[in-house]
Amino acid sequence: MSFSTVLSAAIRGLYVELVHVEADVSSGLPMFHMVGYLSSEVKEASERVRTAIRNSGIQMPVKKMVVNLAPATVRKKGASFDLPIALAVLASMGIFSGEQLKDTLVIGELSLDGSVKEVAGVLPIVMRAREEGVKRCILPKQNIQEGELVQGIELFGAEHLLEACRYLRGEQKVLAVTGGMRQEVSKENKEDKVDYSDIKGQEAVKRAVEVAVAGGHNLLMVGPPGSGKSMMAKRVTTILPPPSSEESIEITKIYSVLGMVDKEYPLITGRPFRSVHHTVTRSALIGGGMLPVPGEISLAHGGVLFLDELAEFPKPVLEVLRQPLEEKQIRITRSQGNFVFPANFILICAMNPCPCGNYPDYNRCTCTQAQIQQYLGKISQPFLDRIDICAEAPRIQYDALAGKKKQESSAVIRDRVCAARAIQQKRYKDRGILCNSMLGVSELREVCRLGKKEELLMRKAFVSLGLTARTYHKILKVARTIADLDASEKIGENHLKEAIGYRMLDKKYWGR
């Protein structure tokens, strides 16, 4: 009987903290005691571990057993410590040598019969293990494909506690694999996708969507019910350029922490699209909890966050989006520390112009002026300032709906978007800027220089529209994107006019 230690890990937000599971079996009053700042589900591991060991046919000695999860300053939660606790205890009992656990990280939940169940957060844990020089990981077999996304580390997928014991004794050598990104076809690629060719008419709104996607700009669509706003929003991911391998891993890490990856195709190779209902809470949107976990804006990282019926969202919920829309990340402060979650997404919003949806068609609109102002007043000026493009989606006419004119497909639009994004990537190489929407003030002066005609036009628009410094900068960014779509090195007068036109809608409805 002796002391042994097993390396495991705890997830705090998106950060992985290494945890040493220490076990000591010695003479004394029979007990199984666990310490180390544990949550209730980790404390319950003592019963699961003892029962799993007994049901695996291993006789537990009548001894004093103490298990410590270090460091004691980090709170441990979840059931992923079951397997490392069991292996640490078994090593202390002499079932296998503790030396076999050297340079090995272990995670996994145990059933009462000893079978190993899947856990969340495998990808970031294996990545952290590789960074720390760990040579191998013992994981639940259901999580093995997720672990394989990480190169340069040996993996063992265990289905049962006894299987892990045989592996550590050198009796079981099958099922050990070396990690490496090998997934080529994702579940998203196998599914039938929607296409922009399904949408009839609304050419002006389609153009606004294309500009928004090409530069990573936030978009607001205003129009009556049934004008195709939601249809266009749900097709945005079909015209977005595919993520790079680094972006795919970053997106997958977020979904892995929340246990939302597909077990067969764990690597997310498509852009996320998160459609949020207006009953969402602040913590569900930005993330939260005593130990914060990512929210919807982090799940939309690298993709699209869609807010339908924008005016129905509580004003405090919308206001919390202001900071992440500017900084492309969300910071949450708790007594345990500060948590930073990524939030680089395109915000697309859709709303009716009034409660009944028919304003300014007074032949159909039944709302009073006071009702309209109260409805539109739910959207604050600071929030509107963070919207780069405002587009009006008018009611679709019968001729456009019944017409047989062939509409542009998503593939055609995506080619133009990718060409514009390629120009931006070349321009901002080694600057940490992915698209025009991320430009800072100093970069704006360099890449958005205006000629004399354009400068005069911008001056008139600034005064007549009562623009703020933020909206002024956003017009320049949108104009730069429109010029990129035309493959133009300079921002022309026509590019600037179109960009200014995308700021006219908020003046029409909000009059501010």
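The opening residue of the sequence shown carries number 478 in this note's numbering; numbering runs sequentially from there.
Note that beta-carbon positions come from the ideal geometry of N, C-alpha and C, so glycine has one too.
Keep in mind the model is a prediction, meaning the values are calculated, not measured.
Note to self: Using only the alpha-carbon positions, how far apart do Met708 and Asp672 sit?
What the structure shows: Cα to Cα, Met708 sits roughly 10 angstroms from Asp672.
Next item on the list: Name the residue from Ile809, Ala960, Gly779 whose alpha carbon lies nearest to the alpha carbon of Val770.
Entry: Out of Ile809, Ala960, Gly779, the CA that lies nearest to the CA of Val770 is found in Ile809.
Next item on the list: Give me the Cβ distance between Met698 and Ala868, rounded to the nearest whole Å; I'm assuming they're in contact under 8 angstroms.
Entry: Contact check for Met698 and Ala868: beta-carbon distance about 5 angstroms, within the 8 angstroms limit, so the pair qualifies.
Checklist line | Gly634 versus Gly490 - alpha carbon distance | finding: Rounded to the nearest angstrom, the two C-alpha atoms are 25 angstroms apart.
Margin query: Using CA atoms only, rank isn't needed, just tell me which of Ile864, Gly598, Ala870, Gly978 is closest to Lys554.
Written below: Distance check between Lys554 and each of Ile864, Gly598, Ala870, Gly978 places Gly598 closest, using alpha-carbon atoms only.
Next item on the list: Could you work out which residue in Val781, Ala529, Lys951 is closest to Arg712 when comparing CA atoms only?
Entry: Per the Cα distances, Val781.
Next item on the list: Just grab the DSSP bridge partners of Glu975 for me.
Entry: Answer is none; Glu975 lacks a bridge partner.
Margin query: Give me the residue from Cys842, Glu885, Lys881 with the minimum Cα distance to Pro701.
Written below: Nearest of Cys842, Glu885, Lys881 to Pro701, Cα basis: Cys842.
Item checked: Integer Cβ distance of Gly513 from Ala563, believed to fall under 8 angstroms -> The C-beta separation of Gly513 from Ala563 comes to about 16 angstroms, leaving the pair out of contact by the 8 angstroms criterion.
Check: If Ser485 and Phe558 are in contact, beta carbons under 8 angstroms, what's the gap, nearest whole angstrom?
Finding: Between Ser485 and Phe558, the beta carbon gap of about 6 angstroms places them in contact (Cβ cut-off 8 angstroms).
Next item on the list: Along the alpha helix (DSSP H) that carries Thr715, what are the first and last residues, could you check?
Entry: In the DSSP annotation of this structure, Thr715 is not part of any alpha helix (DSSP H), being labelled neither H nor E.
Notebook entry, point to check: Roughly how many angstroms lie between the CA atoms of Leu861 and Gly610, to the nearest whole one?
Noted result: If you take the alpha carbons of Leu861 and Gly610, they lie about 48 angstroms apart.
Checklist line | 8 angstroms Cβ shell around Lys1075 - same chain, five flanking residues per side excluded | finding: Residue 1075 lies beyond the range of the chain shown here (478 to 989); nothing can be said about it.
Check: Where Pro617 and Phe822 are concerned, what is the direct C-alpha to C-alpha distance, given to the nearest angstrom?
Finding: The C-alpha of Pro617 lies about 33 angstroms from the C-alpha of Phe822.
Next item on the list: Tell me, please, which residues DSSP counts as bridged to Lys553.
Entry: For Lys553, DSSP records a beta bridge to Leu515.
Next item on the list: Give the range of the beta strand (DSSP E) segment to which Met698 is assigned.
Entry: Element bounds for Met698: 696 to 699.
Next item on the list: Give the straight-line distance between the Cα atoms of Glu803 and Glu727, rounded to the nearest whole angstrom.
Entry: One C-alpha to the other measures close to 20 angstroms.
Next item on the list: Could you round the C-beta distance between Ala568 and Leu578 to whole angstroms and report it? I think they count as a contact, below 8 angstroms.
Entry: Ala568 to Leu578, Cβ: 6 angstroms. Contact.
Next item on the list: Within its chain, find whatever has a CB closer than 7 angstroms to the CB of Ala710; leave out the 5 residues flanking it on each side and keep chain order.
Entry: The beta carbon of Ala710 lies closer than 7 angstroms to those of Phe783, Ile825, Ala827 in the same chain, with the five residues before and after it left out.
Note to self: Quick check on the burial criterion: 16 or more other C-beta atoms within 10 angstroms. Buried or exposed for Tyr839?
What the structure shows: Around the CB of Tyr839, fewer than 16 other CB atoms lie within 10 Å, so the residue is classed as exposed.
Check: Using a Cβ-Cβ cut-off of 7 angstroms (strictly less than) and excluding sequence neighbours within five positions of His497, which residues of its own chain qualify?
Finding: Cβ neighbours of His497 beyond the five flanking positions: Thr482, Leu484, Ala547.
Item checked: C-alpha gap between Ile807 and Glu648, whole angstroms -> If you take the alpha carbons of Ile807 and Glu648, they lie about 48 angstroms apart.
Margin query: Let me check one thing: in DSSP terms, what residues is Tyr492 bridge-paired to?
Written below: Partner(s): Arg489.
Checklist line | CA nearest to the CA of Gln901, picked from Ser517, Cys912, Ile602 | finding: Nearest of Ser517, Cys912, Ile602 to Gln901, Cα basis: Cys912.
Check: Can you tell which of Glu687, Asn620, Ala641, Glu608 has its C-alpha closest to the C-alpha of Val955?
Finding: Nearest option by C-alpha distance: Glu687.
Next item on the list: Would you mind stating whether Leu690 and Val918 have Cβ atoms separated by less than 8 angstroms?
Entry: Before going further, note that residue 690 is Val rather than Leu in the sequence given. Cβ atoms of Val690 and Val918: not closer than 8 angstroms.
Notebook entry, point to check: For Cys642, which of helix, strand or coil comes out of DSSP?
Noted result: In this structure, Cys642 counts as helix in the three-state DSSP scheme.
Next item on the list: State yes or no: is the C-beta of Gly703 within less than 8 angstroms of the C-beta of Leu878?
Entry: Taking 8 angstroms as the Cβ cut-off, Gly703 and Leu878 do not qualify as a contacting pair.
Notebook entry, point to check: Mapping DSSP to helix, strand and coil, what is Pro832?
Noted result: For Pro832, the secondary structure class from DSSP, reduced to helix, strand or coil, is coil.
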